[in-house]
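Numbering (this note's numbering), first residue to last: -19 to 172.
Structure record follows, encoded as structure tokens.
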């Protein structure tokens, strides 16, 4: 990625974070980046495309952080699930532009981000499925039935927490009890 494009993307991320998708204009981003408006449109044809790239960069960072956890094949699968859930929420808490996509009024424009979020959901589901399978094989977890369904349900559970934690400002108040909730969940699926 060219330095100009990177600067525009970084500036756009900060501007979208500060004002939100709706209140941010391409003019503001160009001015903040100290670049010509033509340069901005050369790299990003529309505000939607630019916002898509900003959200994609936040989700790419999330993927990188979670990959470090998922790649630990020696750890107990329950500990990996715990670390995954905690890290996911920590990163989502700082992913301000992703949080913008959770707003009900954003759904009007959601389509241009649908593939990005769907791909992330599929990736997470695949990773969770692998962890759960590993836990069953190592006899750490007792999961009768379809493991993919358990993975999907866990992801739905986590995504269901996003709105109250991030949009309603409950993260700081509730996150201290999140580890206890994870303990209840992992104990419930433990073989021992």
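A virtual CB, placed ideally from N, CA and C, is assigned to each residue, including glycine.
In this structure, the straight-line span from the alpha carbon of residue 62 to that of residue 2 is close to 36 angstroms.
For residue 131, the uninterrupted alpha helix (DSSP H) run begins and ends at 127 to 142, by DSSP. In chain order, 57 place their CB closer than 6 angstroms to the CB of residue 114, counting only its own chain and leaving out the 5 sequence neighbours on each side.
In this structure, the beta-carbon distance from residue 169 to residue 135 does not fall below 8 angstroms.
The C-beta separation of residue 111 from residue 158 comes to about 18 angstroms, leaving the pair out of contact by the 8 angstroms criterion. Relative to the Cα of residue -12, the nearest Cα in the group 13, 104, 54, 95 belongs to 13. Within the model, the alpha-carbon separation for residue 25 versus residue 19 is close to 10 angstroms. Ranked by Cα distance from residue 40, the options 83, 96, 92 are led by 96.
The C-alpha of residue 6 is placed about 14 angstroms away from the C-alpha of residue -3. In the three-state scheme derived from DSSP, where H, G and I count as helix and E and B as strand, residue 121 is classed as strand. For a cut-off of 8 angstroms, the C-beta gap from residue 73 to residue 146 is around 7 angstroms, short enough to register as a contact. Residue 162 and residue 17 have their alpha carbons spaced roughly 48 angstroms apart.
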